[in-house]
DNA sequence: TAAAATTAAATTGCGTACAATCTAATCATA
DNA sequence: TATGATTAGATTGTACGCAATTTAATTTTA
């Protein structure tokens, strides 16, 4: 086989790709969260949604979706579940009846007290040097920024 | 609020976490693959499965699952779909009747010719310096290696 | 200002992910 | 060699993730 052809084919190896370790790593980290999140009866996606709510207290579904890079097809059922659990409320906006306002509840705020343990536990679980973590963070946001 | 308490709460911000950009980035890259994969009528997961098959030609579902970090719950329906499309065959192993052998077909091999364009197209799509890419690759496999 | 365009959520449908369970085959060993 | 343990896949059930479509509300503009 010609050398160029072989090189082309090599690029189709899983081990030549960046996308694959990124995809596998993302799933792996989420898997490592699971035991901690199970204690709070939250899935990973519900957890990142709650993280935004803990910070912002109240916001439109649209804005939440922009923060999380998720659309209404994912968020609508997820937020209904968080409402069932009593962590948020869902109410139509007065100013714009198209928009739905998500607000954190008392119980949702309470949950935060249990959740604060998680980042530390995860930090111990993923062993990276501080410089490695910082660089990884920077590169990932560089890729996301290209959107 | 006490300073330590605030720091604890800050760790619960989406912007303080590594997991979130990793998760968002993984989805974003897969999203960027979509137009190219649509041309081949493959999903991303089907594509990485085919990447292994292009390299190995034939293997057990179990080994494929180990390569891709996927279990039979994901692979069984996925491989049935690839079989329907005519890219692989699924046959019981002679030596061990529990095992299922996945083998690439003529049509599956043909598909590789169209797929070789994808890594180059994606490289142009995700703009990282070579050192950045190399570093990212190394760190991701470091995290995966901790499994 | 009435019609057209746009926008925000919800809905539908398909394809993962993965835990948990089940079934059948194989292995280990008492 | 019978039987208990292990293993490989398949199945079931829950929860995304996202494209495409729908519905209702708002904005634009002819």
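Residue numbers (my numbering), protein chains in the order written: chain V, 1310 to 1456; chain G, 1310 to 1456.
Beta carbons are placed, not taken as given, at the ideal position from N, Cα and C, and that holds for glycine.
Since the structure is predicted, the reported quantities are computational estimates derived from the model, not experimental observations.
Looking at the secondary structure, which residues open and close the beta strand (DSSP E) in which residue i lies?
i, result
"residue 1367 of chain G", "1367-1369"
"residue 1398 of chain V", "1397-1401"
For chain G, check one thing: does any of its Cβ atoms lie closer than 8 angstroms to the Cβ of residue i?
i, result
"residue 1320 of chain V", "yes"
"residue 1430 of chain V", "no"
At what residues does the alpha helix (DSSP H) containing residue i begin and finish?
i, result
"residue 1449 of chain G", "1439-1454"
"residue 1326 of chain V", "Run containing residue 1326 of chain V: none; DSSP gives neither H nor E here."
"residue 1387 of chain G", "1381-1393"
Can you tell me which of the three DSSP states residue i falls into?
i, result
"residue 1409 of chain V", "strand"
"residue 1320 of chain V", "coil"
"residue 1404 of chain V", "coil"
"residue 1436 of chain G", "coil"
"residue 1350 of chain V", "coil"
"residue 1425 of chain V", "coil"
"residue 1378 of chain V", "coil"
I'd like to know whether the C-beta of residue i is nearer than 8 angstroms to at least one C-beta of chain V.
i, result
"residue 1355 of chain G", "no"
"residue 1323 of chain G", "yes"
"residue 1327 of chain G", "yes"
"residue 1315 of chain G", "no"
Is any non-hydrogen atom of the ligand COA found closer than 7 angstroms to the C-beta of residue i, if you look at the structure I gave you?
i, result
"residue 1423 of chain G", "Ligands displayed in this structure: none; no statement on the ligand COA is therefore possible."
Along the region 1331-1346 of chain V, where does the CB come closer than 8 angstroms to a CB of chain G? Name the residues. 1331, 1332, 1333, 1334, 1335, 1336, 1337, 1338, 1339, 1342
Note down, in chain order, all residues in the region 1433-1456 of chain V with a beta-carbon under 8 angstroms from any beta-carbon belonging to chain G. 1435, 1436, 1437, 1441, 1442, 1444, 1445, 1446, 1448, 1449, 1450, 1451, 1452, 1453, 1455, 1456
Whether or not the region 1420-1427 of chain V and the region 1346-1354 of chain V are in contact is what I'm after, with contact meaning three or more pairs of Cβ atoms, one per stretch, closer than 8 angstroms; do they touch? yes
Determine, using beta-carbon pairs with one atom in the region 1431-1438 of chain G and one in the region 1367-1377 of chain G, whether at least three such pairs fall under 8 angstroms. no
Residues of the region 1359-1373 of chain V with a CB closer than 7 angstroms to any CB of chain G: list them in chain order, please. 1360, 1361, 1363, 1364
Residues in the region 1387-1421 of chain V with C-beta within 9 angstroms of chain G's C-beta atoms, listed in sequence order? 1421
Counting beta carbon pairs with one atom in the region 1436-1456 of chain V and one in the region 1391-1403 of chain V, are three or more of them shorter than 8 angstroms? no
Contact between the region 1324-1335 of chain G and the region 1335-1344 of chain V (3+ Cβ pairs under 8 angstroms): yes
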